[in-house]
Every structure is written in C-alpha cells, then in structure tokens.
Amino acid sequence: MNMYLNYAKEHWTMPGENPPVGLVLCAGKGAGEAHYALNGLPNTIMASEYKVQLPDEKLLADELIRSQIALTAQQVESTE
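Going by full-length UniProt numbering, the first residue of the sequence shown is number 1, and it counts up by one from there.
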C-alpha cells in the first residue's frame with residue numbers, strides 16, 4: 001500500500017490536492033500482523049474497525065457520476 005500511495009502522490013496528484021489515502025479492508029486484525037506490516041513506515045498509518053454495511057445503490061451510482069464529471073472537468077482544465 002505504501003508503494004502505491006507514494007507512486008500516486010508523485011505521478012497522479014495535481015497541484016493543490018491533498019496526498020492520496022489508502023484503505024485496506026480486512027475481515028479482522030491482529031496486533032502481530034499490524035505491528036510487522038506497519039512498523040517503520042514513514043507515513044501515518046491508522047487502524048480501525050468498521051461494521052460492514054454498503055451504501056444505497058442509488059447513492060453509489062450518483063457519487064460515481066459526480067466523480068466522473070469532476071474528473072472530466074479536471075482533464076479539460078489540464079489540456080487548456
């Protein structure tokens with residue numbers, strides 16, 4: 001994850017954008033796994049437990065459309 005976040009920050013982040021954030025979804029977490037997987041990384045890593053509940057399908061579809069419109073607008077601005 002750290003490698004992908006660093007690549008995205010260097011190659012995909014536009015000026016003025018916040019650095020990318022990565023989410024790792026797991027069925028469970030243990031102290032040992034977290035210690036060895038995250039120890040020594042230069043980026044801040046936070047772990048939490050979430051209940052599994054998907055948003056409404058229409059809400060997801062609307063958000064995808066809104067994101068697509070925003071990305072298209074960014075691409076148009078960058079080519080001008």
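Glycine included, C-beta positions come from ideal geometry on N, C-alpha and C.
Check, Outcome
"Given residue 48 as reference, the closest of 40, 8, 13, 30 once Cα atoms are compared", "30"
"Anticipated Cβ contact below 8 angstroms, residue 22 with residue 5, distance rounded", "5 angstroms"
"Rounded straight-line distance, which links the Cα of residue 64 to that of residue 55", "13 angstroms"
"Per-residue DSSP class, three states only, for residue 14", "coil"
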